[in-house]
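Heads up, the sequence shown is in our numbering, so the first residue is 12 and it goes up one at a time. Every residue gets a Cβ at the ideal spot worked out from N, C-alpha and C, and that includes glycine.
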Amino acid sequence: MQIRRTKIQKLTLFLKGLAMGAANKVPGVSGGTVSYVLGFYEEMIYSFQKINLKALKLLISKGFKPFIEYINAGFLLLVIGGSMFSYFSVSLILDFFLKHYELYVWSWFFGMIIGSIYYIGKDFGKWTRINFFFLIIGVSLGLGISFLSPAKENDNLWFVFLCGIIGVSGMTLPGLSGSFILILLGNYVLLLVDSVNVLFNVITNLLTGNFDVLSDPIKIRYLKVITVFTAGSAFGLVSISHLLGYVLKHYNKLVNAIIIGFITGSLGIVWPWKKTVFSTTNKGEILLDKEGNKVVENYQRFVPDILDSETLLAVFFIFLGIALILCIDYYDKRRK
Numbered sequence: 012m013q014i015r016r017t018k019i020q021k022l023t024l025f026l027k028g029l030a031m032g033a034a035n036k037v038p039g040v041s042g043g044t045v046s047y048v049l050g051f052y053e054e055m056i057y058s059f060q061k062i063n064l065k066a067l068k069l070l071i072s073k074g075f076k077p078f079i080e081y082i083n084a085g086f087l088l089l090v091i092g093g094s095m096f097s098y099f100s101v102s103l104i105l106d107f108f109l110k111h112y113e114l115y116v117w118s119w120f121f122g123m124i125i126g127s128i129y130y131i132g133k134d135f136g137k138w139t140r141i142n143f144f145f146l147i148i149g150v151s152l153g154l155g156i157s158f159l160s161p162a163k164e165n166d167n168l169w170f171v172f173l174c175g176i177i178g179v180s181g182m183t184l185p186g187l188s189g190s191f192i193l194i195l196l197g198n199y200v201l202l203l204v205d206s207v208n209v210l211f212n213v214i215t216n217l218l219t220g221n222f223d224v225l226s227d228p229i230k231i232r233y234l235k236v237i238t239v240f241t242a243g244s245a246f247g248l249v250s251i252s253h254l255l256g257y258v259l260k261h262y263n264k265l266v267n268a269i270i271i272g273f274i275t276g277s278l279g280i281v282w283p284w285k286k287t288v289f290s291t292t293n294k295g296e297i298l299l300d301k302e303g304n305k306v307v308e309n310y311q312r313f314v315p316d317i318l319d320s321e322t323l324l325a326v327f328f329i330f331l332g333i334a335l336i337l338c339i340d341y342y343d344k345r346r347k
């Protein structure tokens, strides 16, 4: 049954989708964590779970209206619409700040993730040995992913489809950054930067009446890539949500323990003080991909000088991130 929402609630949900979409694009930050903290994670999972054979039969036998009510389409359109819109708005702003104020952005995210661990863990209830065991598994998996080395770019369409399935996990699995996974697979720049920019450029040209862009083989290649990636993401959303819906229903405590652990382990990914190490040729020159982008080899994390003014400002942004989550917690309590 589709939940009736006021215009303000719809706008709020769209903005939450906007925040989730922006988080999904930032390597190391999980959109699933955002949806969990903002309180629409389980509804999102169960709504995607409704996209099944029964929904298709309902569409054929009873028409469009019962179908959209069954799959909670109003909710999905607002969340996914906000998430997609963020790629051409909030994400571009984040790209700017990551380019010019990288340390402070990572510090802010680091603080928000610390706050999120408290926010999600405070209502967990009693910790048993089995729950604690699954918490350790989650932490270990999160830390393990943090220290993997990225692969090289691969634009083969079957691999792009697979990237869509795996990359969308950041929306459905709190603590797992889909963008960081795409970096590990070597396709972050191809799928979330170059292809998105080309799509935006093509749409802009078509709206102004310039249809010549459709005869550009390079742009057509990128359009094929982003189409296949989107198809893989849609398939991944529905299939992973079916699995998550089942385990959330039958093993809620264990799943939440793993999620808390995974988010804790992901702190290794968003550790603010790190240097990007780029791949080099035999001659020591920085290796570039086909589009002229530097190929990331790994990240070197280090402990900063605590008395440095830049470090102190970064620590301030960490506390600012924590404070933001505590404010959300306070608002949530007042609302109840």
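Cutoff 7 Å; reference residue 249; Cβ partners in own chain excluding five residues on either side:
Residue 249 sits at position 238 when you count from the first residue of the sequence shown. Contacts found: 59 and 62.
Please confirm if the stretch 136-146 is in contact with the stretch 263-270, defined as three or more CB-CB distances below 8 Å between the two stretches.
yes
Excluding the five sequence neighbours on either side, which residues of its own chain have a C-beta within less than 7 Å of the C-beta of residue 203, listed in chain order?
Stepping through the sequence shown from its first residue, residue 203 is reached at position 192. Excluding positions up to five away in sequence, the list reads 36, 190 and 193.
Can you look up residue 232 in the DSSP assignment and give me helix, strand or coil?
For the purposes of this step, residue 232 is taken as residue 221 along the sequence shown, with counting starting at 1. Correct three-state label for residue 232: helix.
Assign residue 15 to one of three DSSP states: helix, strand, or coil.
Stepping through the sequence shown from its first residue, residue 15 is reached at position 4. The answer is coil: DSSP assigns residue 15 none of H, G, I, E or B.
With burial defined as no fewer than 16 other Cβ atoms inside 10 Å of the residue's Cβ, what is the status of residue 153: buried or exposed?
Here residue 153 refers to the residue found at position 142 when the sequence shown is read from its first residue. Residue 153 should be labelled buried.
Could you compute how far the alpha carbon of residue 98 sits from the alpha carbon of residue 92?
The residue labelled residue 98 in the question sits at position 87 within the sequence shown. The residue labelled residue 92 in the question sits at position 81 within the sequence shown. Roughly 10 Å separates the two Cα atoms.
Work out the CA separation of residue 206 and residue 236 for me, nearest whole Å.
The residue labelled residue 236 in the question sits at position 225 within the sequence shown. The residue labelled residue 206 in the question sits at position 195 within the sequence shown. Distance between the alpha carbons of residue 236 and residue 206 is about 7 Å.
Report the residue ranges of all alpha helix (DSSP H) runs contained in full by the stretch 82-157; include only those spanning at least 4 residues, in chain order.
The DSSP assignment places 84-97, 101-111, 113-132 and 140-157 as complete runs of the alpha helix (DSSP H) inside the stretch 82-157, in order along the chain (cut-off: 4 residues).
Would residue 340 pass as a contact of residue 130 if the rule is Cβ separation under 7 Å?
Against the sequence shown, residue 340 aligns to sequence position 329. Against the sequence shown, residue 130 aligns to sequence position 119. In this structure, residue 130 lies closer than 7 Å to residue 340 by Cβ.
Which word fits residue 334, buried or exposed, when buried means at least 16 other C-beta atoms lie within 10 angstroms of its C-beta?
Looking up residue 334 in the sequence shown gives position 323. The residue is exposed, with fewer than 16 neighbouring Cβ atoms inside 10 Å.
Helix, strand or coil, according to DSSP, for residue 262 in the structure here?
As a position in the sequence shown, residue 262 is number 251, starting the count at 1. Reduced to three states, the DSSP call for residue 262 is coil.
Closest by C-alpha distance to residue 255, when choosing among 73, 134, 110 and 185
Translated into the one-based positions of the sequence shown, residue 255 becomes position 244. It is 185.
Using a Cβ-Cβ cutoff of less than 7 Å, which residues in the same chain neighbour residue 119 once the five nearest sequence positions on both sides are dropped?
Here residue 119 corresponds to residue number 108 of the sequence shown, with the count starting at 1. If you ignore the 5 residues before and after residue 119, its C-beta comes within less than 7 Å of the C-beta of 328, 331 and 332, all in its own chain and listed in chain order.
In angstroms, rounded to a whole number, what distance separates the CA positions of residue 9 and residue 220?
With the chain represented from 12 up to 347, any question about residue 9 goes unanswered, as that position is not in the structure.
Does the separation of the CB atoms of residue 44 and residue 127 fall below 7 Å?
Position 33 of the sequence shown, counting from 1, holds the residue named residue 44. Position 116 of the sequence shown, counting from 1, holds the residue named residue 127. Judged by their CB atoms, residue 44 and residue 127 are nearer to each other than the 7 Å cut-off.
Exposure of residue 287, with buried meaning 16 or more beta-carbon neighbours within 10 Å:
As a position in the sequence shown, residue 287 is number 276, starting the count at 1. Residue 287 is exposed by the Cβ-count criterion.
Would you call residue 121 buried or exposed, if buried means 16 or more other Cβ atoms sit within 10 Å of its Cβ?
Taking the first residue of the sequence shown as 1, we reach residue 121 at position 110. Buried, by the Cβ-count rule.
Proximity winner among 177, 238 and 213, relative to residue 227 (alpha-carbon distances)
Here the question's residue 227 lines up with position 216 in the sequence shown. If we check each option's Cα against that of residue 227, 213 comes out closest.
Per-residue DSSP class, three states only, for residue 335:
The residue labelled residue 335 in the question sits at position 324 within the sequence shown. Here residue 335 sits in helix by DSSP.
Residues near residue 78 by beta carbon distance below 7 Å, same chain, minus five either side
Taking the first residue of the sequence shown as 1, we reach residue 78 at position 67. Cβ within range, chain order: 66, 69 and 70.
What did DSSP end up calling residue 315 once you bin it into helix, strand or coil?
If you number the sequence shown from 1, residue 315 lands on position 304. Coil at residue 315, not helix or strand.
Do residue 283 and residue 109 have their beta-carbon atoms positioned less than 7 Å apart in this structure?
Within the sequence shown, residue 109 is the residue found at index 98, counting from 1. Within the sequence shown, residue 283 is the residue found at index 272, counting from 1. No; because the gap between Cβ atoms is not below 7 Å, this pair is not in contact.
May I ask which residues mark the beginning and end of the alpha helix (DSSP H) holding residue 190?
Working through the sequence shown from its first residue, we reach residue 190 at position 179. First-last of the alpha helix (DSSP H) with residue 190: 189-195.
Which same chain residues, not among the five before or five after residue 149, have their C-beta less than 6 Å away from its C-beta?
The sequence position of residue 149 within the sequence shown is 138, counting from 1. Same-chain partners within the cutoff: 269, 272 and 273.
For residue 25, does the three-state DSSP call read helix, strand or coil?
For this step, residue 25 is matched to residue 14 along the sequence shown. If DSSP states are grouped into helix, strand and coil, residue 25 belongs with the helices.
Using the beta-carbon count (16 or more within 10 Å), is residue 117 buried or exposed?
Start at 1 with the first residue of the sequence shown, and residue 117 comes out as number 106. With 16 or more Cβ atoms within 10 Å of its Cβ, residue 117 is classed as buried.
Go through its chain and collect everything with a Cβ distance to residue 31's Cβ below 6 Å, but skip five positions before and after it.
Here residue 31 corresponds to residue number 20 of the sequence shown, with the count starting at 1. Taken in chain order, the residues that qualify are 42, 45, 46 and 94.
Proximal residues to residue 216 (C-beta, below 6 Å), its chain only, five neighbours per side dropped:
Reading the sequence shown from its first residue, position 205 is the one you call residue 216. The residues are 224.
Nearest to residue 325 (by Cα), restricted to the options 336, 281, 338 and 337
Start at 1 with the first residue of the sequence shown, and residue 325 comes out as number 314. Among 336, 281, 338 and 337, the Cα nearest to that of residue 325 belongs to 281.
Could you tell me the distance, in whole angstroms, from the CA atom of residue 208 to the CA atom of residue 315?
As a working mapping, residue 208 is identified with position 197 in the sequence shown. As a working mapping, residue 315 is identified with position 304 in the sequence shown. Residue 208 and residue 315: Cα-Cα distance of roughly 35 Å.
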